[in-house]
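Enquirer:
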Amino acid sequence: MNQVVSVSGLHKSYGANRAVDGLDLTIEKGEIFALLGPNGAGKTTTVEILEGFRMRDSGDVKVLGVDPAIKGSAAQLWRDRIGIVLQSTMDAGDLTIRESVSHFATYYQSPKNPDEVIELVGLSEKADALGRTLSGGQRRRLDVALGIIGNPELIFLDEPTTGFDPEARRAFWSLIRKLRDEGATILLTTHYLDEAEALADRVAVINRGKILEVSTPSLLGGRATSLATVTWRDGAELRSERTSTPTELVTQLSQSFGGEIPELNVKRASLEDIYLEMIGGSDE
Amino acid sequence: MNKPTALSIGIQRGRLEIRQFMRQRESVVFTMLFPLILLAIFGSVFSDSIAPGVTFSQYFVAGMIASGLVNTGFQQLAIMIPVERDFGTLKRLRGTPMPASSYFIGKSILVTVSMLIQVALLLAAGVAFFGVELPHGADKWFLLFALLILGSACSTVLGIAFSNIPKSGRGASAVVSPVVIVLQFFSGVFFIFTDLPQWMQQVAALFPLKWMTQGARSIFLPDSFATREVASNWETGRTFAIITAWLVVGIIWAVRSFKWERD
Chain B
1 MNQVVSVSGL HKSYGANRAV DGLDLTIEKG EIFALLGPNG AGKTTTVEIL EGFRMRDSGD
61 VKVLGVDPAI KGSAAQLWRD RIGIVLQSTM DAGDLTIRES VSHFATYYQS PKNPDEVIEL
121 VGLSEKADAL GRTLSGGQRR RLDVALGIIG NPELIFLDEP TTGFDPEARR AFWSLIRKLR
181 DEGATILLTT HYLDEAEALA DRVAVINRGK ILEVSTPSLL GGRATSLATV TWRDGAELRS
241 ERTSTPTELV TQLSQSFGGE IPELNVKRAS LEDIYLEMIG GSDE
Chain H
285 MNKPTALSIG IQRGRLEIRQ FMRQRESVVF TMLFPLILLA IFGSVFSDSI APGVTFSQYF
345 VAGMIASGLV NTGFQQLAIM IPVERDFGTL KRLRGTPMPA SSYFIGKSIL VTVSMLIQVA
405 LLLAAGVAFF GVELPHGADK WFLLFALLIL GSACSTVLGI AFSNIPKSGR GASAVVSPVV
465 IVLQFFSGVF FIFTDLPQWM QQVAALFPLK WMTQGARSIF LPDSFATREV ASNWETGRTF
525 AIITAWLVVG IIWAVRSFKW ERD
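Pasting the structure below:
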């Protein structure tokens, strides 16, 4: 079974607000899958249904082959196989990192080694420090450690790098890739388009409770074949032109300038441009 | 592959809860030493005997032990759990395979240990500084043990149930503490119960603290004092029946209302 998550026809309403309105989604084993969408698009509701925190109104949902709405000991067996990294927690301030991670290990049937997990998230030097003494980024890495200690097949990561400095984000991204390389499947929700671009094997854009498109970051929204924008300086004027044949245009310009083109810039649409166009476009 | 049981995880949680509790110095001081401070104040202010062979300290120690059941169970949990809900502790636990019962086992262990420490401190300080006499005879000690276990269980489940009432962790203490303090005044912890206005006595009789206090008096005061109770006897059977009834109410209330997440 290679489908780790499969969702079809998912609906969830809060009163008159149809938060999730007929959503279909498939996540394959071993991929990093990013879910993008503006606030209120139905992202959080969808993920919380997949995590078993929220009940759906209708639709078929399978996570690791199990309906996340199950209860009792079957739910515990299922939870043994997933790891959830929530947004902004601030608990366990009076425990050391090692105490917290070792304790969470006792919940699982075949956990990872706590010291190895602490090492993996880069907190070895802080292993004996109390949770309340950690910085924001270290705190987040502790959240990840607690989410992966059970050796999960599927990891939910919710806005993992909010508030990180650029260096910490890069370190964090390589940690996420390492987890994927070890065989875990990762469902990432994020506001940062560059994060999705750097990490995700596939991205889905969600708006108004529906999936608009699922694709790789480089192909989303026809990005690879979209027009390129060429800008250059012509005397006092900064000129730009959108074209499907930028190389040809640059060659022509180079000939007419006799070599170097002043302030030349050739730019394809960024993931962010495409994304904004997509969610704006559904806004008729 | 060894499957951890709800009980084994619960015991692990209990150890963790105690460790966390001990590291919060303010709460240790407040929960453990505050009753001793009260005993010192009341023991010094009211130094007269209230009946032949019964000092006010002796009467007061019975009330403070009953209060200890409420402080370490009801008050501690009804303030602590809303904070854990705000901090995301509960939601995080909900996302793991930890059985829900393990969480409650852990809390019960925390309450039992902090309750035993508090009672031991109260008795030690009472005997050492305020001439408090320990219970006479094995049957009184047995009754004390039974009252502590049942009372603590009752107080624990009511604290878990009540933890859904405060809107936030920050406001929890402001909601919970007045309830406890009013009940303490009404239930004859600080004053001699039969000296209170009748309506107060009747209101107090609806709640478990009055019965815990009366039960503790039946253990710490001489049997001759029983004639000065409202019913002219200790009402031991009724005491245990009412605390048990509240235990059952608390279990049903807690199971039905417990939330792992702030709405």
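Top to bottom, those sequences are chains B and H. Take the first sequence: its position 221, counted from the start at 1, is 221 in our numbering, and no numbers get skipped. Take the second sequence: its position 32, counted from the start at 1, is 316 in our numbering, and no numbers get skipped. Note that beta-carbon positions come from the ideal geometry of N, C-alpha and C, so glycine has one too.
Distance check for B:Asp94 and H:Gln308, CA to CA, integer angstroms please.
Expert: 7 Å
Enquirer: Rounded to whole angstroms, what's the CA-CA distance from B:Arg170 to B:Ile176? Just pull it up for me.
Expert: The alpha-carbon of B:Arg170 is positioned some 10 Å away from that of B:Ile176.
Enquirer: Anyone know if the C-beta pair for H:Pro419 and H:Ile293 falls short of 8 Å?
Expert: No Cβ-Cβ contact shorter than 8 Å links H:Pro419 with H:Ile293.
Enquirer: Please give the ranges of any beta strand (DSSP E) in the stretch 138–171 of chain B, keeping only runs that are unbroken, at least 3 residues long and fully inside the region.
Expert: 154–158
Enquirer: I'd like to check one pair, H:Gly352 with H:Val403: are the Cβ atoms closer than 8 Å?
Expert: yes
Enquirer: Tell me whether B:Leu187 sits in a helix, a strand or coil according to DSSP, three-state version.
Expert: strand
Enquirer: Does DSSP put B:Thr251 in a helix, in a strand, or in coil?
Expert: Reduced to three states, the DSSP call for B:Thr251 is helix.
Enquirer: Alpha carbon to alpha carbon, how far is H:Val539 from B:Val144? Give it in angstroms, no decimals.
Expert: 31 Å
Enquirer: Three-state secondary structure (DSSP) at H:Met285?
Expert: Residue placement at H:Met285 is poorly supported in this model, since its pLDDT is 47, which falls under 50; the coordinates still yield a value, given next. DSSP, read as helix, strand or coil, puts H:Met285 in coil.
Enquirer: Report all residues from its chain with a CB closer than 6 Å to the CB of H:Tyr457; omit the five preceding and five following residues, and keep chain order.
Expert: In the sequence as displayed, the identity of residue 457 of chain H is Ser instead of Tyr. Contacts found: Ile363.
Enquirer: Do B:Ala41 and B:Leu188 have their C-beta atoms closer together than 8 Å?
Expert: no
Enquirer: In chain B, which residues lie with their C-beta within 8 Å of the C-beta of H:Glu368?
Expert: Asp91
Enquirer: Cβ atoms of H:Thr373 and B:Asp194: under 8 Å apart, would you say?
Expert: At the C-beta level, B:Asp194 and H:Thr373 stay beyond 8 Å of one another.
Enquirer: Please confirm if B:Ile32 has its CB atom under 8 Å from at least one CB of chain H.
Expert: no
Enquirer: B:His11 touches chain H at which residues, Cβ-Cβ below 9 Å?
Expert: Neighbourhood of B:His11 in chain H, by CB distance below 9 Å: empty, with the nearest CB roughly 21 Å away.
Enquirer: If the cut-off is 8 Å on Cβ atoms, which residues from the stretch 359–386 of chain H count as contacting chain B, listed in chain order?
Expert: Glu368, Phe371, Gly372, Thr373, Lys375, Arg376, Arg378, Gly379, Thr380, Pro381, Met382 and Pro383
Enquirer: Identify each residue in the stretch 103–114 of chain B for which the Cβ-Cβ distance to at least one residue of chain H is less than 9 Å, and report them in chain order.
Expert: His103, Phe104, Thr106, Tyr107, Tyr108, Gln109 and Ser110
Enquirer: Would you call the stretch 523–538 of chain H in contact with the stretch 436–451 of chain H, where contact means no fewer than 3 C-beta pairs closer than 8 Å?
Expert: yes
Enquirer: Hey, H:Val473 and H:Thr497 are a contact pair by Cβ (cut 8 Å); roughly how many whole angstroms apart?
Expert: 6 Å
Enquirer: How is the beta strand (DSSP E) around H:Trp530 delimited, first residue to last?
Expert: Per DSSP, H:Trp530 belongs to no beta strand (DSSP E); it is in the alpha helix (DSSP H), Thr520 to Ser541.
Enquirer: When you compare the stretch 113–122 of chain B with the stretch 42–49 of chain B, are there three or more beta-carbon pairs, one atom per stretch, that lie closer than 8 Å?
Expert: Contact between the stretch 113–122 of chain B and the stretch 42–49 of chain B is absent, with fewer than three C-beta pairs closer than 8 Å.
Enquirer: Taking H:Leu300 as the query, report the chain B residues whose CB atoms sit under 8 Å from its CB, ordered along the chain.
Expert: Leu95, Glu99 and His103
Enquirer: Considering only residues of the same chain and omitting the five flanking positions on each side of B:Ser282, which have a CB-CB separation below 6 Å?
Expert: Here B:Ser282 scores only 49 on pLDDT, less than 50, and its place in the model is too uncertain to base an answer on.
Enquirer: Looking only at C-alpha atoms, which of H:Ser541, H:Asp507 and H:Ile526 sits nearest to H:Gly337?
Expert: H:Asp507
Enquirer: List the DSSP bridge partners of B:Phe33.
Expert: B:Leu187 and B:Arg202
Enquirer: Taking the C-alpha atoms as reference points, what is the distance between H:Leu361 and H:Ile393?
Expert: 12 Å
Enquirer: Jot down the residue ranges of each uninterrupted alpha helix (DSSP H) in the stretch 33–64 of chain B, minimum 4 residues, whole runs only, in chain order.
Expert: 43–50
Enquirer: Between B:Asp80, B:Gly30, B:Leu253 and B:Leu25, which has its C-alpha nearest B:Pro111's C-alpha?
Expert: B:Asp80
Enquirer: Alpha carbons only, please: which of B:Ala204, B:Val230, B:Gly209 and B:Lys71 is nearest the one belonging to B:Tyr275?
Expert: B:Ala204
Enquirer: Give me the Cα-Cα distance between B:Thr245 and B:Ala228, rounded to the nearest whole angstrom.
Expert: If you take the alpha carbons of B:Thr245 and B:Ala228, they lie about 8 Å apart.
Enquirer: Which residues in the same chain have their Cβ closer than 6 Å to the Cβ of B:Leu146, if we skip the five residues on either side of it in sequence?
Expert: Phe104
Enquirer: May I ask you to list, following chain order, the residues of the stretch 62–79 of chain B that have a beta carbon less than 9 Å from some beta carbon of chain H?
Expert: Here the close residues are Ser73, Ala75, Gln76, Leu77, Trp78 and Arg79.
Enquirer: Buried or exposed: where does H:Gln468 fall if 16 or more other Cβ atoms within 10 Å of its Cβ makes it buried?
Expert: The residue is buried, with at least 16 neighbouring Cβ atoms inside 10 Å.
Enquirer: Check whether chain H comes within 8 Å of B:Glu119, counting only Cβ atoms and requiring the distance to be less than that.
Expert: no
Enquirer: Give the secondary structure of B:Val4 by DSSP, where H, G and I count as helix, E and B as strand, and everything else as coil.
Expert: strand
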